[in-house]
Amino acid sequence: MTGRKPKKFTAFLWHRRIGLFAVVLVIILAITGIMLNHTEELELDETYVSNTWLLGWYGIAPEDAPVSYRAGEHIISSWNKQLFFDNHAIATLEQDIHGVMKGEEFIVVALDDAILLLSHEGEMIERVSTSISFSNIMRLGIKYQRPVIETADHLYYIADEHILDWDVMANEGVSWIEPYQLSSNEKDELLQAYLGKGLKLERVILDLHSGRIFGEYGIYLMDASAFALLWLSLSGFWVWNSRRRKMRRKRHYQKHHRKKP
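Residues in the sequence shown are numbered from 2 upward in steps of one, following the working numbering.
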């Protein structure tokens, strides 16, 4: 008797095991399928993803952190070769940013070997190369409300009133500009500006439904869930039919072998 029990319940046991394995994938398929059937009502094609981890999974989010500086009421940021005035991209950069200051006439942005002059409204006015006078800018400071530059050779230069000429000076009485640490909300807003509208929620749901969000073999994972559903249907019918036949035989036996009074 003990040797035959496993054979009797093999289909039932596999039905249960595969059901437990497939339940998560089946839930994902069901939920995403319903959502995709109501794309317009749920506005999936008009909703955009801002989650940093998910954007990184899709290779959209920048890897490095932004470098930001305060300029009065405004924030100037450099992120992945883009220059932002608050949350508006205004230029493409090929050099690193080393400081920003707000002057009487301009906002001054120091790069490796150039100075950018912006209006107080964030418009690009001029790009001034400093490679003839000095290069390898390390940081930007302020003295007498004028920009001061420190180079990699630890030489110091101060600009004239119109930021046209630079004179050598001693490192005395200079207020050096420090980077500004963005709050989480400010960084999220900057990320939105960097991405534009970026990644649609509809694409994420489609990739989740098809399994592509799980990578190269994700579609095979979803195929496995489809085969699991087929197996559950067939094995469920087989188990139900086996029990039905067993009950019929039992009733037949009881009917013909009932003890007479």
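We treat Cβ as the ideally placed atom computed from N, Cα and C, and that holds for glycine.
None of these values were measured; they are calculated from a predicted model.
- Secondary structure note for residue 142: its beta strand (DSSP E) is the uninterrupted segment 138–144.
- Within the DSSP secondary-structure output, residue 130 pairs in a beta bridge with 115.
- Buried is the label assigned to residue 69, since at least 16 other Cβ atoms lie within 10 Å of its Cβ.
- For residue 201, the secondary structure class from DSSP, reduced to helix, strand or coil, is strand.
- DSSP places residue 98 in the coil class of the three-state scheme, outside both helix and strand.
- Sequence-distant partners of residue 241 (beyond 5 residues in either direction) whose C-beta falls short of 8 Å from its own C-beta are missing from its chain.
- Every alpha helix (DSSP H) stretch that sits fully inside the region 159–234 and reaches 4 residues is listed by chain position as 185–196, 202–211.
- A straight-line Cα-Cα distance of about 29 Å links residue 235 and residue 214.
- In this structure, residue 157 lies near residue 172, with their beta-carbon atoms less than 8 Å apart.
- Within the region 22–52, the alpha helix (DSSP H) runs of at least 4 residues that lie entirely inside it are, in chain order, 40–43.
- Setting aside the 5 residues that flank it on each side, residue 27 is surrounded in the same chain by 226, 229, 230, each with a C-beta closer than 8 Å to its C-beta; the list follows chain order.
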